[in-house]
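Going by our numbering, the first residue of the sequence shown is number 12, and it counts up by one from there.
Below: one structure, written as structure tokens.
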Amino acid sequence: MASNAESETPRRRITVPAIRDSKVRNGDDPLVMVTAYDAPMARIAEEAEVDLILVGDSLGMVVLGHSNTLEVTVDDMVHHIKAVARTRPKALVVADMPWMSFHVSPQDTLINAARLIRAGGKCLKIEGGTKRIPMMEAVIAAEMPVIAHLGLTPQSFNAMGGFKIQAREAEAANELVREAKAVEAAGCFAVLLEGVPDVVGQMVTDALSIPTIGIGAGPACDGQVLVYHDIIGLENRFKPKFVRRFGTAYEDQLESVQQYAQAVRHRTFPAEPETYVAREELTEALGLYGSKTQDS
Ligand code: KIV
């Protein structure tokens with residue numbers, strides 16, 4: 012999609028059709044997607060003019076303190092999607108469907124999907140390929156556009172034996188291309204491709220007319236996505252190979268809180284500028300003398 016990040020014209024709302032038509036091979040700029048889970052993050056992502064904001068179930072790990080995404084519920088997602096949507100970003104808000112919200116039946120999936128859209132998502136992300144196509148088709152038929160998430164799908168953590176790079180063998184790579192073509196044929200408007208070798212990212216991107224958005228899938232994808240906390244360096248415990256930290260938020264925030272604690276203990280905070288100093292009449296009426304200023 013052509014970016015207007017450096018132009019004077021006001022930014023236009025980003026729509027599903029605009030994303031679906033975005034392919035680097037057709038001369039478009041790579042798509043920029045970032046996760047966000049609350050209003051301040053959404054405001055920053057919007058001001059940075061990203062194309063898509065993903066309210067990802069990664070919130071279970073980076074915000075809620077779980078060790079994987081399987082604990083995240085539809086209620087959790089609704090709560091965080093609402094916080095992001097209240098900022099009314101022009102970026103496309105993508106609502107991630109959590110584990111077990113789209114595995115039981117198409118009917119059950121429709122009810123869960125509608126809750127995420129009513130919370131403010133403009134479209135959905137669903138992990139999985141062929142196995143999930145009946146659910147994808149059901150929500151697409153109900154006017155809820157879908158991004159399919161293929162490759163390393165974190166909700167398959169137990170089945171995959173951990174967060175493991177996928178499609179390392181030729182057969183698995185060819186199978187992934189078939190899966191990607193199948194979700195495109197089912198009506199998905201983009202594919203999020205996670206944790207695959209660069210050539211596989213290239214193969215899938217070449218095979219599709221819808222865009223691929225990669226995370227650990229190499230530079231050939233039509234866009235990139237990273238988790239907000241990884242970008243700003245707030246998540247400092249574990250750094251997958253595909254992450255680049257563009258900031259040092261953990262250290263910066265630690266320093267701020269340490270300085271605050273020190274100022275309280277050394278009684279340099281609060282000082283006069285941060286204090287509602289009583290007017291003279293009040294100190295006099297209370298029989299307290301020696302107050303320095305009169306502002307309240
Ligand atoms: O939930 C999420 O944030 C994701 C990204 C890792 C792409 O699926």
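A virtual CB, placed ideally from N, CA and C, is assigned to each residue, including glycine.
Bridge-paired residues (DSSP) for residue i
i	result
ILE242	For ILE242, which the question treats as bridged, DSSP gives no partner whatsoever.
ALA201	ILE158
MET44	LEU63 and VAL236
THR223	VAL202
Backbone secondary structure at residue i - three-state DSSP
i	result
THR80	coil
LEU237	strand
GLY298	coil
MET12	coil
TYR271	helix
TYR261	helix
GLY212	helix
GLN24	Checking the sequence, you will find Arg at residue 24 rather than Gln. In the structure shown, ARG24 sits in coil (DSSP, three-state: anything other than H, G, I, E or B).
MET52	helix
ALA183	helix
GLU285	helix
ASP217	helix
GLU266	helix
LEU75	coil
ASN247	coil
SER307	Interpretation of SER307 is limited by its pLDDT of 47, a score under 50 that renders its predicted location unreliable; the figure taken from the coordinates is listed afterwards. Note: SER307 maps to coil in three-state DSSP.
VAL35	helix
ARG189	helix
LYS19	Before going further, note that residue 19 is Glu rather than Lys in the sequence given. GLU19: coil per DSSP, three-state reduction.
VAL194	helix
ALA231	coil
ARG255	coil
ARG276	helix
Contacts around residue i, its chain only, beta-carbon distance under 7 Å, and the 5 residues preceding and following it disregarded
i	result
PRO145	PRO117
LEU237	VAL45, ILE226 and VAL254
ASN247	TYR261
HIS240	VAL73 and GLU246
SER267	none
ALA193	GLY140, THR141 and ILE144
Contact set for residue i: own chain, Cβ-Cβ below 8 Å, skip 5 residues either direction
i	result
THR20	none
ASN123	VAL85, MET108, SER112 and PHE113
VAL83	ASP68, LEU70, GLY71, LEU75, HIS77, PRO109 and TRP110
GLY132	VAL66, ILE92, ALA96, VAL104, VAL105 and ALA106
GLU148	PRO117, ALA197 and GLY198
PHE174	LEU163, PRO165, PHE168, GLY206 and PRO251
LYS101	ARG22, ARG23, ARG24, ILE25 and GLU57
ILE30	MET12, LEU42, ASP62, LEU63, LEU103, PHE200, ALA201 and PRO222
GLN235	PRO41, LEU42, VAL43, MET44, ILE224, GLY225 and ILE226
ASP209	ALA228, GLY229, PRO230 and ALA231
Residues near residue i in its chain [Cβ-Cβ closer than 6 Å; skip 5 each side]
i	result
VAL207	GLY162, GLN177, ALA178 and ALA228
ALA136	It is worth fixing the name first, because residue 136 is Lys in this sequence and not Ala. Once the five neighbours on either side are set aside, the close Cβ partners of LYS136 are VAL105, ASP107, ILE158 and HIS160.
ILE151	VAL157 and GLY198
PRO165	THR80
GLU195	LEU219 and ILE221
GLY258	ILE243 and GLY244
ALA130	VAL89, ILE92 and LYS93
VAL27	CYS134, PRO156 and PHE200
ILE128	MET155
GLU138	HIS160, THR164 and GLN166
Distance cut-off 6 Å: residue i Cβ against heavy atoms of the ligand HEM
i	result
GLY67	Questions concerning the ligand HEM fall outside what the structure shown contains, since the ligands it does hold are the ligand KIV.
Return the chain-ordered ranges of every alpha helix (DSSP H) run that is complete within the stretch 150-177 and spans a minimum of 4 residues. Counting only runs of 4 or more, we get 168-171.
With a floor of 3 residues, list each beta strand (DSSP E) that falls wholly inside the stretch 82-149, ordered by position along the chain. As far as the stretch 82-149 is concerned, its whole beta strand (DSSP E) runs of at least 3 residues are 103-107 and 134-138.
Three or more beta-carbon pairs under 8 Å between the stretch 212-226 and the stretch 33-51, yes or no? Note that the stretch 212-226 touches the stretch 33-51; at least 3 beta-carbon pairs, one per stretch, sit closer than 8 Å.
Are the stretch 45-62 and the stretch 111-128 touching by the rule of at least three beta carbon pairs closer than 8 Å? No: the two stretches stay apart, fewer than three of their Cβ pairs being nearer than 8 Å.
Spell out a yes or no on whether the stretch 272-280 and the stretch 67-82 are touching, meaning 3 or more CB-CB pairs, one atom from each, closer than 8 Å. They do not touch, by the three-pair rule.
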